[in-house]
Structure formats: C-alpha cells, structure tokens
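*Asks:*
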Amino acid sequence: MILLRRLRTWGLWLVVAMAALLPVLPASADELPDDTRALLTRVAEMRRGGKAADTVSILQEAAGKSRRDRVSHAAVQFVLADVYLHDLRDEKQAKGLYSQLGMVQGVGEVTIPGYDRPISIRQEAFRIQDSYNRHHWLYKVMAAIDGAISNNPISGRALSAHGGVLAILLLTILIKVAVTPLTISSFRSMREMQKVQPLMRELQQRYKDRPQELQKRTMELYREHGVNPAKGCLPMLLQMPIIILLWQAIARYQYPLSEESFLWIGSLANADTALAVIYAASLWASSKLTMMPAADPQQEQTQKMMAAMMPLMFFVLFKGYASGFILGWLFFNILTTAQQWHLNRGQAAAEGAAAPNPGGAINGNPGSGGGGSNGQRRLPASGPNGSGRKSAKLAAPRAIKRKRGAGPRSRGK
Numbered sequence: 012m013i014l015l016r017r018l019r020t021w022g023l024w025l026v027v028a029m030a031a032l033l034p035v036l037p038a039s040a041d042e043l044p045d046d047t048r049a050l051l052t053r054v055a056e057m058r059r060g061g062k063a064a065d066t067v068s069i070l071q072e073a074a075g076k077s078r079r080d081r082v083s084h085a086a087v088q089f090v091l092a093d094v095y096l097h098d099l100r101d102e103k104q105a106k107g108l109y110s111q112l113g114m115v116q117g118v119g120e121v122t123i124p125g126y127d128r129p130i131s132i133r134q135e136a137f138r139i140q141d142s143y144n145r146h147h148w149l150y151k152v153m154a155a156i157d158g159a160i161s162n163n164p165i166s167g168r169a170l171s172a173h174g175g176v177l178a179i180l181l182l183t184i185l186i187k188v189a190v191t192p193l194t195i196s197s198f199r200s201m202r203e204m205q206k207v208q209p210l211m212r213e214l215q216q217r218y219k220d221r222p223q224e225l226q227k228r229t230m231e232l233y234r235e236h237g238v239n240p241a242k243g244c245l246p247m248l249l250q251m252p253i254i255i256l257l258w259q260a261i262a263r264y265q266y267p268l269s270e271e272s273f274l275w276i277g278s279l280a281n282a283d284t285a286l287a288v289i290y291a292a293s294l295w296a297s298s299k300l301t302m303m304p305a306a307d308p309q310q311e312q313t314q315k316m317m318a319a320m321m322p323l324m325f326f327v328l329f330k331g332y333a334s335g336f337i338l339g340w341l342f343f344n345i346l347t348t349a350q351q352w353h354l355n356r357g358q359a360a361a362e363g364a365a366a367p368n369p370g371g372a373i374n375g376n377p378g379s380g381g382g383g384s385n386g387q388r389r390l391p392a393s394g395p396n397g398s399g400r401k402s403a404k405l406a407a408p409r410a411i412k413r414k415r416g417a418g419p420r421s422r423g424k
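Numbered by the working numbering, the letters in the sequence shown go through residues 12 to 424 in order.
#1: In the DSSP assignment, find the alpha helix (DSSP H) that holds H146 and state where it starts and stops.
#2: Please check the pair V207 and H236, which I expect to be a contact at CB under 8 Å, by giving their CB distance rounded to whole angstroms.
#3: Does the Cβ of S5 have 16 or more other Cβ atoms within 10 Å, making it buried, or fewer, making it exposed?
#4: Kindly identify the DSSP beta-bridge partner or partners of S131.
#5: What's the gap between the Cα of G75 and the Cα of A280?
#6: According to DSSP, what are the bridge partners of F273?
#7: Give the single residue among S77, T122, R138 and V118 whose Cα lies nearest to the Cα of K106.
#8: Taking Cβ to Cβ, would you say F336 is nearer than 8 Å to K187?
#9: What distance in whole Å lies between the Cβ atoms of P322 and A292, which are believed to be in contact at a cut-off of 8 Å?
#10: Under three-state DSSP, which class holds S110?
#11: Which of helix, strand or coil does DSSP assign to R80?
#12: On the criterion of 16 or more Cβ atoms from any shown chain inside 10 Å, does G60 qualify as buried, or is it exposed?
#13: Taking only runs that begin and end inside the region 206-249, name each unbroken alpha helix (DSSP H) of 4 or more residues, in chain order.
#14: Tell me where the alpha helix (DSSP H) around A172 begins and ends.
#15: Using alpha carbons as the reference points, say which of Q265, F329 and Q312 lies closest to L294.
#16: Buried or exposed, going by whether 16 or more other CB atoms sit within 10 Å of the CB of A73?
#17: Can you tell me whether M230 is buried or exposed? The criterion is at least 16 other CB atoms within 10 Å of its CB, across all chains shown.
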C-alpha cells in the first residue's frame with residue numbers, strides 16, 4: 012500500500028512536470044488568414060461609411076466561427092470592442108471584451124485592416140482597461156505603494172525596476188495582517204474539535220443504530236466542552252472577501268505590471284508555467300509542514316490524499332493566470348505557512364506544559380479517588396444535573412479502573 016501511494020503521488024507530480032516542460036508560444040508577429048483579413052477590410056469600409064451598427068452582427072458571427080483560430084478570434088474581438096467603444100459608445104460591452112482579450116496568451120503583433128500600425132492586441136487591451144481602472148481605489152492603493160517605492164530617495168533607484176513586485180508583496184503582507192485574527196480563531200476551533208474526536212467516535216459506536224439519540228448526545232458533548240463546529244468554518248469564510256481584494260488589486264493594475272519583469276519572467280501580466288509549478292510545490296510543502304495530527308488512520312489517509320491532490324488542482328487552475336497574480340498568492344501562501352507552523356509549535360508546547368504529572372491532580376480535584384479522568388475530556392452525562400450516572404463510567408480512560416466497591420453515586424461525595 013505504501014508503494015502504491017508513493018507511485019500515485021509521484022505520478023501526479025510527473026504530470027505537473029510534463030506540463031511545465033511544454034513550450035510557451037512566443038509572442039512574435041502573427042498573420043491573419045485571408046478570409047479574416049477580407050472580412051475585417053469590409054468592416055473597416057462599413058465603419059468609414061457610417062454603418063458601424065451593422066458591423067456588430069457580422070463581427071459576432073465571425074467571432075463564433077473563428078474560436079479555433081486564436082489569432083483570428085482575438086483580432087475579430089478586438090475590432091468588435093473598438094466598434095462598441097468608439098462608434099456605438101457602449102462602454103459596458105467594450106469593457107467586457109477588453110477583459111477577455113486581456114486573458115489571451117501567445118498572440119503577437121497583428122496587422123489589422125483599418126489600423127495604421129501593427130496591434131499588440133493584449134497590450135492594447137490592457138492600456139484601454141487602464142484608463143478605466145486607474146479611478147478605482149484598489150488601483151490607487153497599488154499605484155501609491157509602487158510610487159512610494161520608486162520615488163524613495165534612498166532605495167528608489169535600486170528598487171524602481173521592481174516596484175510592482177514589491178507593491179504586491181507589501182499589499183499581501185497588509186492583507187495577511189488583516190486576516191490574522193480570523194486565522195487564529197479558526198485554528199483554535201479546529202484544534203478543539205480535534206480533541207473531542209475520540210469521544211465523538213465512542214458516541215457513534217454506542218448510538219450507531221439510534222441516529223436521533225446520537226444527534227442529541229453530540230450536541231450535549233459540544234455544549235459541555237464549549238465546541239462549535241461552525242466556529243472553525245466561519246472565520247475561513249470571512250477571510251475570502253478580504254483575500255479576493257488581493258486578486259482584484261492585481262487584476263486592475265495589470266497594465267503597469269505588464270511593463271515590468273521579474274527574474275526569468277518577461278512580463279508580470281503573462282502566464283508562466285514554471286512559476287505555477289513553484290506555487291504548487293509551495294502548497295505541497297505547506298501541507299507537509301502544517302498538517303495537524305489525525306484523530307484516526309482514515310482521517311490521516313484523507314489528509315495525505317488532499318496534500319497530493321490540492322497542489323495539482325491549483326496548478327491546473329492557475330497556470331494560465333498572470334504571473335503577478337500567482338506571485339501574490341505565492342507570497343500569501345508562504346506567510347500563511349509560516350504562521351500556521353508557528354501556531355502548531357505554540358499549541359504543541361502549551362499542551363506539553365499542561366500535561367498532568369503521574370499521581371498528581373486528577374480532573375482538577377487533588378487527591379480524588381480512581382473515578383477521575385486524568386485531565387481528559389469526558390462524555391456528557393445522560394440526564395440533567397448529573398442524573399443517569401450509569402453512562403459516566405465512560406468518562407474515565409480505560410486505563411484507570413474504578414476502586415472496588417466504589418459505585419457511580421460515590422464519585423460526587
């Protein structure tokens with residue numbers, strides 16, 4: 012079984028490595044097919060003749076037919092967006108098309124009929140979007156951070172070339188600081204839930220044929236130990252809108268990032284497969300460093316499978332995204348991993364310091380008899396005010412036996 016699991020894990024990473032080695036299409040000059048060139052020439056003549064509204068249906072039909080040809084489809088979409096923006100004054104439709112063109116990869120400069128120069132479609136889409144995005148507050152935040160770095164009299168000259176990367180890093184740190192209280196709250200709730208898992212399994216075994224009674228006893232267990240399953244999920248959900256701000260900020264700052272390089276990445280607006288592989292590897296390393304001890308073998312197996320599958324899933328999801336966006340997520344993941352590792356170490360140290368000494372106080376009552384629980388959590392009693400003590404014998408670990416002759420009622424005396 013161990014060999015099969017290792018083969019499966021290495022097989023997944025082999026797929027990632029093969030995808031990373033796929034050649035990236037160069038953004039060189041591209042030529043339009045003759046039929047697309049003829050259609051766009053006709054559209055340019057109609058626009059000059061004042062019939063721009065009639066070109067919309069022609070361009071929409073051509074865009075649907077040219078989906079398999081990346082260059083033709085991008086050129087037709089670009090002309091359609093230009094018609095909406097400059098001829099029909101429909102900014103909403105134009106923005107949607109320019110947003111789609113910003114995701115186009117591997118298309119170089121194209122000579123389009125009706126334009127006096129070759130057009131870099133993706134870069135032109137970024138430039139037009141930038142004229143709208145610069146009024147958004149997230150764009151202004153990124154621009155302020157970038158400007159503060161670039162115009163710094165001490166380090167501006169050395170760091171101005173990487174102002175966009177540093178702006179992403181600083182914004183990531185600010186967002187991480189903002190969500191830290193929620194992260195800590197979620198971590199503590201998950202640890203509390205993990206501690207009552209052994210008692211949960213006992214209840215499930217005892218009441219496996221009585222689901223209503225199991226639900227009742229489970230709620231009693233949660234109340235007795237102050238555990239709420241929703242407390243672990245709610246902080247994570249509250250983090251998502253804040254984290255989405257990071258994506259929105261980078262997406263709106265695409266045009267300045269498109270003119271900036273970093274290490275081997277030619278443009279932070281372009282997708283980079285190697286960076287996506289590094290991000291997936293960081294997810295895998297994070298899961299190994301911060302994985303909590305499982306309560307049972309089945310849960311441990313599930314954690315290991317998720318640790319192998321999640322990096323692959325995020326690689327497939329993010330490999331087509333802009334490098335600036337993946338850099339932001341990479342920085343965020345590194346900060347999260349460091350924080351989680353620190354919390355795990357702190358919790359382990361606290362639990363080790365709080366561990367009871369042999370022969371010491373049992374269940375908070377020094378010198379009590381053998382009915383104590385040695386500091387372990389107990390199952391809830393079966394009735395109110397401690398009535399129905401026949402189920403209380405499960406409160407003590409099996410290693411601690413009752414003193415002979417000590418009945419259930421004698422424990423409280």
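C-beta atoms are modelled at their ideal positions from N, C-alpha and C, and glycine is treated no differently.
*Replies:* Put simply:
#1: Neither: H146 is in no alpha helix (DSSP H) and is coded neither H nor E.
#2: 6 Å
#3: With the chain represented from 12 up to 424, any question about residue 5 goes unanswered, as that position is not in the structure.
#4: E120
#5: 26 Å
#6: I276
#7: R138
#8: no
#9: 7 Å
#10: helix
#11: Per the sequence presented here, residue 80 reads as Asp, with Arg not at that position. Coil at D80, not helix or strand.
#12: exposed
#13: 208-217 and 222-236
#14: Element bounds for A172: n/a, residue is neither H nor E.
#15: F329
#16: buried
#17: exposed
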